[in-house]
Structure formats: structure tokens, C-alpha cells
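Remember, this note's numbering sits 703 above the position in the sequence shown when you count from 1.
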Amino acid sequence: MSVAAATPFQKLTTYLRQLLPWVVLSIVLGSIAVLSVGENPFRVYALLVREGFLTQRGIMIAIQRGTPLVLTAAAATMAFKGGAINMGMAGQFMVGGSVASMAAASLSGLPGVLHLPLVLLCCALGGAAAGFLPAFFKRVSGINEVITGMIANLMMPHLLNIVTDVLRTLGLVRRGGRAIPVTVQFAHFADLTRGALGVGTKANTSIFLAVGVALFLAWWIRRSSLGFEIRMTKASFTFAEFAGIRASRAFYLGMMLSGAIAALAGATEVLGVWHGYRGGTLVVGEKGLVISLIGGQTFVGSAIVALLYGGLESGTLNVSWFTSIPRPLIDIIVLLMFVLSAVPAMRSFFTGSDPTESEHLGGRFVSRWR
């Protein structure tokens, strides 16, 4: 059977067969580390699963930790779909949190039904502007967007200070306080259920926004004309131009949408987790990129992997309470599982060894220089 005729189920089973040896290897290496401190690996991994996925508190913490990861993974996937790598998500995440705080204060007084959507729209626009920067510098300089994205991360705090100072001087925005108006807060499940769910956690209803965005993008990228243009630009920039697609516009659109989604992740931290601006907490690594790779560079797969990783992070919080294993070692074991699980996807990404290489950015890059 040809690759093109393979069903989604067959593709999934093939991917899982590739993934299984690396998961087993991560468990073996983790078990050696656990044995080195005198603990039983079976007990440790059983605790990790139980505390992360089989208790109410563990599930709520998994939702809290997984919500921004669902959005950052969706942001990375959107960039991948357009043939780019968004390394500027940390800065875009920061923009989302800052804009959420300022817009919440500046638009206070609006009805609740309008306040939250307008704040989220402002965050998305700010993130899109932040995503435009690395895309623009790539197009005008020819420097890879990986480099321009990392440079943008370094520049973003300073640019944010300049922009906010100018807007405040012009009277267009008010200084956002640490407290966020109730009308733009994502409610904590503990408050909604009067303690029946989520006690001791900050899991909140922004999870519905994150999952909704991922599901909408999964539909949009396949069913809309703009989504088709973005995908064709990734497959072949030259062919897209020959077919009448404005490939440069599609590239910019993919990067700006990616930045907007990453900014929404920052907004969920401010509006959902903390209900206030905490600049020191608004940091995000590039986990979204790895999660997107593990999820097959698909929106639904990335969302599932993000929530699973959130569950593993949830489990690490309690394993150290039941065992003598230091918390840093538990974190290393989970990260080891996470990184090794990404090996099959990274291999096809960088070598183009996957037969369906038109769907993998690395394959396109490698084939170009062979």
C-alpha cells in the first residue's frame, strides 16, 4: 500500500511503533537513576501515574500546567504548517501577559460579555505583531527565523517597555495593576464548584479556550483557503508561487498566527492562573516546539501530548513526598522521557526519512541541499 493511501489509524500505529522503544529506553534509564538512590522503580512510576492522572488533585494540576502548553504547542504547530520554526514564543508569551494586564485595566467598565473577548483580541494582536518581527527580518535579511526568533526574545522586554511607555504618555492605556478585574478572569474550578473540584490548585476555565483554539485550528488549516495556502507554502515555496499563491503573505500569516496563539498562552496565565500580573512568572521554554513534534505537528496530537506532559509534571509534585527521591531527580526523569519521546519525530524532521516528507519541514530543508 502506498503511503498516500495509508489511513490515519495506520499512520498512528506506525508512529506508536517508532515511539515505543524510546519510551521504554527512557523508563529503563529512569529506573537506573531510581535504583541509585535506593528506591523501587515500579513503585516510583506507579506513583507518578497515580498522582498525575488518577487523583482529582493531580488531574486539576495537570490541567493547570497543560493549558499554556496546549496553546504554545498549537503556536509551534501553526509555524510548522507554514514552513517555519517559531523560536520567539517566549517573547510572544510575555507580550500576551503584559497586554492582558494593560488591556484589562484600560477597558475596565465594559460589560463582561465584551470585556474578556476584547482583552483576548488585544493579546492576539500584540502576539501577532511580535510574530511579525522574526518573519520580517528573515525575509529582508535571509537569516533563518530560528536566529531572528531568539534575537526577538532578547529584544521583547525592552520593546515592551518602550511601547507601553509611549502608549501611556499618549493616554491610550492605563497602567495595569496586579489585580485583574473580575470580568476578565477565567474562573478557577475550585470557586465554580465551591470546593468540589480543584481545591489547592489554580486550574481554571481557560482550558476550554486552549482546547477550543486547537480544535478550531485543526479544522481551519484543512478546510479554509488560507489554511491551504499556508500548507502549500510549506510544501514548496516555488510551486506555491507558480500556482498563484502569494507565498510570502502565507509565510507572514503563519508566523503572525503563531505569535497570536503564543500570546494567548501568556494571557491565560495572567487572566486564569494568577488573576493578576506577575512579570517574574511569565516565562515559557520551548517545550511547545518539542510537544508539537511529539504530536506529529498536528493540533489535536499536540494538545493531547501537552495535557499528558502536564499530568507528568503534576505527578512529580507528589512523588517526592512519598519517596526519598529528591525533587530535581524526578524532574530529570520526566524530562528524559519527554526528550527521548521526541527522538522519532526529530529524526524525520531533520533527515526527511519519513516517506511523507512533504508534511515535515526538516525533509524539505534536507532535500533542498542534497
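Even glycine gets a Cβ: it sits at the ideal position worked out from N, Cα and C.
DSSP lists Asn907 as the beta-bridge partner residues of His891. Rounded to whole angstroms, Ile1028 and Leu1039 show a C-alpha spacing of 16 Å. Arg1030 is classed as exposed because its beta carbon has fewer than 16 other beta carbons within 10 Å across all chains shown. Burial of Asn1021 is indicated by the presence of at least 16 other C-beta atoms within 10 angstroms of its C-beta. Here Gln721 carries a helix assignment [DSSP, helix/strand/coil].
Check the Cα spacing between Phe783 and each of Trp1024, Val973 and Gly962: the tightest is with Gly962. By the neighbour-count definition (other C-beta atoms within 10 Å, threshold 16), Ser844 is an exposed residue. Distance from the CA atom of Asn864 to the CA atom of Ile846, rounded to whole angstroms, is 26 Å. C-alpha of Gly794 to C-alpha of Thr710: approximately 38 Å in a straight line. Going by beta carbons, Ala776 and Gly991 fall inside the 8 Å limit.
Contact annotation: Val802 and Ala966 have beta-carbon atoms nearer than 8 Å. A direct Cα-to-Cα measurement between Phe954 and Ala778 gives close to 14 Å. Of the other Cβ atoms in all chains shown, 16 or more fall within 10 Å of the Cβ of Gly800; this residue is therefore buried. Scanning its chain for C-beta atoms nearer than 7 Å, with the 5 sequence neighbours on each side dropped, one finds around Leu732 the residues Leu1039, in chain order.
Residue state for Asn856 is assigned as helix, using DSSP reduced to three classes. Rounded to whole angstroms, Glu754 and Ala736 show a C-alpha spacing of 20 Å.
Here Met958 is near Ala787, since their CB atoms are less than 8 Å apart.
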